[in-house]
Amino acid sequence: MNRHLLVLGGGLSGLASAFHLSRRFPESLITLVEKQSRLGGWISSHRVHINLLGLQESVITTPTTSAAAKNRYLQVHETQGLITLPNSLLSFFSPPMRSWMLPVILKESTKRWNRPFGITDESVDSFMSRRFGPFFARMFGSALVHGIYAADSRQLSVRAAFPSLWAMEDRGWGSVVRGALIPSAALSRGDYNVGDLPEIMKGVSVYSFSDGMETLHASALTILCDTSVSSLGVTTLNNDLEVRMTNGQVIHPSRVVSALPLPVLSDVLSPELNLPHLTANPTSSVTVLNLVFPPTQPRLHPAGFGYLIPRPPTGYSEDNPGILGTVFDSCALSAQDQNPAQFTKMTVMLGGPNPITPSHTDIDAVLKQLSVVPRPVYVQMQHHVDCIPTPTPGHLERMEEMKTKLAKGIWAGRLDVIGAGVGGVSVGDCVESAKRVGEGWTL
Ligand SMILES: Cc1cc2nc3c(=O)[nH]c(=O)nc-3n(C[C@H](O)[C@H](O)[C@H](O)COP(=O)(O)OP(=O)(O)OC[C@H]3O[C@@H](n4cnc5c(N)ncnc54)[C@H](O)[C@@H]3O)c2cc1C
1 MNRHLLVLGG
11 GLSGLASAFH
21 LSRRFPESLI
31 TLVEKQSRLG
41 GWISSHRVHI
51 NLLGLQESVI
61 TTPTTSAAAK
71 NRYLQVHETQ
81 GLITLPNSLL
91 SFFSPPMRSW
101 MLPVILKEST
111 KRWNRPFGIT
121 DESVDSFMSR
131 RFGPFFARMF
141 GSALVHGIYA
151 ADSRQLSVRA
161 AFPSLWAMED
171 RGWGSVVRGA
181 LIPSAALSRG
191 DYNVGDLPEI
201 MKGVSVYSFS
211 DGMETLHASA
221 LTILCDTSVS
231 SLGVTTLNND
241 LEVRMTNGQV
251 IHPSRVVSAL
261 PLPVLSDVLS
271 PELNLPHLTA
281 NPTSSVTVLN
291 LVFPPTQPRL
301 HPAGFGYLIP
311 RPPTGYSEDN
321 PGILGTVFDS
331 CALSAQDQNP
341 AQFTKMTVML
351 GGPNPITPSH
361 TDIDAVLKQL
371 SVVPRPVYVQ
381 MQHHVDCIPT
391 PTPGHLERME
401 EMKTKLAKGI
411 WAGRLDVIGA
421 GVGGVSVGDC
431 VESAKRVGEG
441 WTL
């Protein structure tokens with residue numbers, strides 16, 4: 001029997017699934033096909049010659065437990081400056097959280113069940129408004145969604161993105177707060193229900209994957225870079241899977257794992273095999289602006305990880321530069337905090353639901369909103385088009401339906417679909433869903 005497993009897409013999901021398949025089925029031939037000349041998909045690093053900036057001596061690391069890494073902020077339209085988000089029980093009692101969060105959380109814990117009868121999903125904004133009120137939903141919910149999905153919380157499915165919130169509401173007889181206080185039974189996860197970072201990933205470092213790559217090289221794995229999949233179908237003659245590449249190459253694998261972006265998979269599927277589930281969700285585009293500022297005294301931002309900006313009270317508009325949030329990269333390097341005469345590095349994320357034209361990004365307007373005075377000594381801007389999928393309400397049901405469809409009929413379980421568009425966009429989600437590919441296969 002042919003035991004040729006084909007993985008489409010060499011992003012994090014494709015690489016991780018090829019790695020786990022090579023461990024699970026060491027006798028199989030595994031081929032990974034990637035369109036670009038490099039692997040990693042959206043995971044990419046750009047090495048900047050920082051010696052030009054005199055920073056080469058300062059390459060150091062910081063534990064994630066440090067205050068600088070733990071402090072997170074909001075920049076809200078209603079007030080000046082940054083607002084510290086609570087990171088301890090005590091911090092809920094300091095203003096403005098004392099009035100913004102505490103009464104809302106206490107009230108929610110006494111609020112009765114108010115999930116409309118029969119609904120199986122809703123947007124993050126609708127869920128949070130229902131339980132905590134519209135102010136809380138916009139202020140905290142929309143900012144959180146900006147930080148993870150670069151999306152509008154009014155579009156994002158709460159069950160796909162934050163399944164634990166939905167489960168807590170169930171567990172707490174309608175109250176998220178009550179549910180949070182009740183220990184959950186063993187986490188039960190549907191095959192596609194992996195929106196939150198799984199327990200299993202706790203304590204697992206990204207470095208373990210580089211070890212995985214070494215193992216990959218030792219297995220029967222062929223990586224075809226610069227090779228673009230142009231069609232995926234089933235032959236009429238033998239009912240074999242057939243994958244064609246733009247370079248003319250044709251492969252007839254026994255199974256295919258697609259880790260392609262879902263709209264790309266939809267495009268390469270033969271029209272008669274089209275799956276409408278693949279194009280049901282929109283995607284966000286993000287502009288990433290890396291800035292390096294000269295040493296200043298005092299430093300340009302408080303110690304912390306960075307800040308998020310909620311949806312403006314009047315909705316998204318072209319009246320602002322469209323910042324979703326900013327990471328204080330300098331704080332990832334604690335030694336720099338001890339030496340104030342250092343450069344300040346920030347990564348600004350723009351776009352998502354904000355209607356911006358990336359090619360017209362106004363750096364001066366961004367700097368004005370950042371409230372930083374000096375000019376940056378280094379600026380790098382990258383536009384990532386359609387880079388983060390937004391699973392809309394009903395996503396989990398759609399994915400389950402697609403899985404059922406692929407398990408029988410012409411596919412007969414020979415096509416698995418994974419990736420950020422299926423089981424969650426975070427690195428942890430991608431690795432976790434890739435890890436489960438091949439469970440239950442008999443080759
Ligand atoms: C700007 C940005 C910031 C992010 N920040 C974080 C973060 O801080 N923390 C976090 O956890 N996650 C973050 N993410 C999310 C995370 O990086 C992605 O969700 C994840 O990398 C997606 O991996 P993937 O393999 O599923 O998809 P992709 O990376 O999209 O991989 C798909 C692969 O398929 C290839 N491909 C496309 N078409 C074809 C074709 N026809 N033939 C062959 N190959 C093809 C592509 O070239 C690509 O390599 C961020 C994402 C972005 C865009």
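Residue numbering for the sequence shown follows the UniProt record's numbering, starting at 1 and increasing by one per position. Beta carbons: idealized from backbone N, C-alpha and C, even for Gly.
Simplified DSSP state of residue i, which is helix, strand or coil
i, result
"Y149", "helix"
"E34", "coil"
"D170", "helix"
"P86", "coil"
"I182", "coil"
"I410", "coil"
"G141", "helix"
"T404", "helix"
"I105", "helix"
"D362", "coil"
"S231", "strand"
"K345", "strand"
"T392", "coil"
"Q380", "strand"
"R112", "coil"
"L221", "strand"
"L241", "strand"
"A434", "helix"
"L6", "strand"
"V425", "coil"
Euclidean distance between Cα positions of residue i and residue j
i, j, result
"L443", "L278", "27 Å"
"V229", "P26", "25 Å"
"G325", "I363", "15 Å"
"H383", "Y149", "16 Å"
"G172", "F140", "21 Å"
"V437", "H395", "20 Å"
"T227", "V417", "19 Å"
"V425", "I388", "7 Å"
"L156", "I323", "19 Å"
"L292", "S266", "Residue 292 is actually Val in this sequence, not Leu. Rounded to whole angstroms, V292 to S266 spans 40 Å at the Cα level."
"S330", "K70", "13 Å"
"H146", "V124", "12 Å"
"M201", "E432", "Caution is warranted here: a pLDDT of 35 is assigned to M201, below 50, making its placement in the model unreliable, and no coordinate value can be reported."
"G10", "S37", "10 Å"
"L260", "C225", "14 Å"
"G179", "S109", "9 Å"
"R98", "S153", "24 Å"
"G423", "L181", "27 Å"
"A220", "P163", "37 Å"
"V158", "M128", "9 Å"
"A151", "L5", "35 Å"
"residue 444", "F328", "A query on residue 444 cannot be resolved here, the shown segment of the chain reaching from 1 to 443 and no further."
Option nearest residue i by Cα separation, candidates the options
i, options, result
"E242", "A16, V431, A434 and L415", "L415"
"L106", "D240, I410, G133 and L289", "G133"
"E34", "S126, H384, T246 and L273", "T246"
"I83", "S37, L181 and H301", "H301"
"residue 444", "A303, Q297 and P355", "Since the first residue of the chain shown is 1 and the last is 443, residue 444 is not available in this structure."
"P321", "M349, R299 and Q342", "M349"
"V177", "M168, S184 and P183", "M168"
"I410", "N87, K403, N239 and T392", "N239"
"A16", "L29, G419, H252 and T120", "G419"
"L29", "R3, I43 and G41", "R3"
"S22", "F162, G428, Q36 and V7", "V7"
"R112", "P163, Y73, A143 and S175", "S175"
"A143", "S99, E108 and P313", "P313"
"Q80", "G304, Q369 and D429", "Q369"
"V256", "Y73, R38, H146 and A434", "A434"
"D170", "H146, F136 and D121", "D121"
"P276", "F92, L406 and A137", "L406"
"V234", "A220, C225 and S254", "S254"
"T31", "G306, V327 and V250", "V250"
"T357", "Q342, V385 and T344", "V385"
"L232", "E401, V268 and G248", "V268"
Residue i CB to nearest heavy atom of ligand 2 below 7 Å
i, result
"Q249", "No copy of ligand 2 appears in this structure; the ligands present are ligand 1."
Expected contact under 8 Å - CB spacing of residue i and residue j to nearest Å
i, j, result
"S270", "G352", "About 33 Å separates the two Cβ atoms, so there is no contact after all."
"M346", "T287", "Their Cβ separation, rounded to whole angstroms, is 14 Å, which puts M346 and T287 out of contact at 8 Å."
"P374", "P294", "6 Å"
"A137", "P391", "Their Cβ separation, rounded to whole angstroms, is 18 Å, which puts A137 and P391 out of contact at 8 Å."
"Y316", "Y73", "Their Cβ separation, rounded to whole angstroms, is 21 Å, which puts Y316 and Y73 out of contact at 8 Å."
"V104", "P310", "That belief does not hold up - the Cβ atoms of V104 and P310 are roughly 15 Å apart, past 8 Å."
"L85", "F93", "Actually they do not touch by this definition, with Cβ atoms about 14 Å apart."
At 3 residues or longer, what runs of the beta strand (DSSP E) sit wholly inside the region 266–317? Assignment of beta strand (DSSP E) within the region 266–317, counting only whole runs of 3 or more residues, yields 283–293 and 306–308 in chain order.
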